[in-house]
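First comes the structure, then the notes that go with it.
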Amino acid sequence: MNGRPLRFTPRRDAGLFAYERALGHAGFSPVAGVDEAGRGACAGPMVVGAVILQGGRGKIDGLTDSKLLTPARRERLYAEITERAYAWSAIVIPCHDIDRLGLHRCNITGMRRALAALDKRPAYVISDGFPVPGLDVPGLPMIKGDQVAACVAAASIIAKVTRDRIMVNLHERYPEYGFDVHKGYVTRAHGRALELHGPCPEHRFSYVNVGRALRNNGDVVLEEETEGEHPDEDRTEGARA
């Protein structure tokens, strides 16, 4: 690895920006964080976000794991991140790719794609939970990285807000499932809707509960043909502030 070796491991109470500071002192700048949303859902896409905060216009207060924030707070932080981050991207991986390729493969591939889509090439990558093989820069996987590193927390917010917006739009097509409330995760209400209506095309048919609902119901709720972009179409979003 290029640059000076890290001389210390930041304490947990050193703040969310401690890892980026330590990596910067060791010659690794900028640092990108990458995280996903929707891995545990049985409907809708998985979204992977990547963010570089270094080189932007100051720190963003209130960053943490997106799941610990209220929807309104997430939306406010999303607007601030996309405005002030040095670079950011969001990759949408549709449910049929997850069925065809497998969840973990889509997760890792999505992380690589989100990092490649950044306008600025990172010198170091911090990923939430899983190592990302195949990168041409060093990286560090962190358990609960969205609660430890600011760039990963920002990436989790980008991914979560992007996915929640998609699921709210899907609710307009399939109101019987309540996607606007549970966002496709396996809740009791979602399970009852699956039992009653069977799955729709936005469900992940490789999942046991969806396959069981299909066998019991014997049909799939189909959508009407509409013009324009499908909300789960594989795509990339990103910008430099």
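Taking full-length UniProt numbering, the leading residue of the sequence shown gets 1, the next gets one more, and so forth.
For every residue, glycine included, the Cβ atom is placed at its ideal position computed from N, Cα and C.
One Cα belongs to residue 86, the other to residue 122, and the distance between them is close to 11 Å. Counting only runs of at least 3 residues, the segment 24-78 fully encloses the following beta strand (DSSP E) elements, listed from N- to C-terminal order: 31-37, 46-52. Per DSSP, residue 159 lies in no beta strand (DSSP E); the unbroken alpha helix (DSSP H) holding it starts and ends at 150-173.
Counting only runs of at least 3 residues, the segment 100-140 fully encloses the following beta strand (DSSP E) elements, listed from N- to C-terminal order: 124-128. From the listed residues 60, 38, 172, the smallest Cα separation to residue 98 is found for 38.
At a Cβ-Cβ threshold of 8 Å, residue 19 and residue 126 count as neighbours.
Between residue 43 and residue 202, the CB-CB gap stays under 8 Å. Shortest Cα-Cα distance from residue 89 to any of 139, 22, 160, 148 involves 160.
Looking only at 186, 211, 206, 188, the smallest Cα-Cα distance to residue 198 is reached by 211. In the displayed model, residue 91 falls within a strand according to three-state DSSP.
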